[in-house]
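For the sequence shown, the residue numbers in this note's numbering are 4 to 155. Built from N, CA and C at the ideal position, the CB exists for glycine as well. Written below as structure tokens is the structure these notes are about.
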Amino acid sequence: MNKATNILVVVILVAAVCGVIIYKHNKKADSVLSEENSTVNNVPQPTKITDQEDTKALPRLVDPGAGTCIPCKMMAPILEELKKEYAGVFNVNFIDIHKNPDQADKYNIRVIPTQIFFDASGKELFRHEGFFSKEDILAKWAKLGVEFSKLK
């Protein structure tokens, strides 16, 4: 190799290392920024509930999404209402996949938001991608055999 080739290789390596450092710094800054903005545009974000916090075997709605996604922000108040109104009937779990990227692989997420309906034993019953209204969610639970009409 001649001297010019050696210099070019060194310059490329230095540029690659600098690129990795900048990428990691930006990713860390984005993480800090998203934690500081737990409400985005005055829309409350659902509380993250992990699988381990479910205390009794109930059907479960898991909603992988992100605090920066517009349809996810539209889902946030619906998930909070469902969590409060149907506590003891089914659990509602929101997972921010930007903060927990391993969960996207665990639930095989291609699009956010995604709503995944599980029975009490953890078997997936139904999956929907995109915004899903409260009425549609309740209708799907009813179709899947979850009894909640006596609560109203």
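Opening and closing residue of the beta strand (DSSP E) in which residue i lies
i, result
"I119", "T117 to F121"
Collapsed DSSP secondary structure at residue i in the structure displayed
i, result
"V114", "coil"
"F135", "coil"
"P62", "coil"
"L11", "helix"
"S34", "Reliability of the predicted coordinates at S34 is poor, the pLDDT of 46 falling under 50, and no value is obtained from them."
"L141", "helix"
Residue i, buried or exposed, once every other Cβ within 10 Å from all chains shown has been counted against 16
i, result
"D66", "buried"
"I10", "exposed"
"V149", "buried"
"I73", "exposed"
"T8", "exposed"
"R130", "exposed"
"N94", "buried"
"N96", "buried"
"R113", "exposed"
"G125", "exposed"
"A69", "buried"
"I140", "buried"
Residues sharing a beta bridge with residue i, DSSP
i, result
"F129", "F120"
"G68", "D99"
key: Any alpha helix (DSSP H) of 4 or more consecutive residues that is wholly inside the stretch 78 to 107   = Runs of the alpha helix (DSSP H) inside the stretch 78 to 107: none found.
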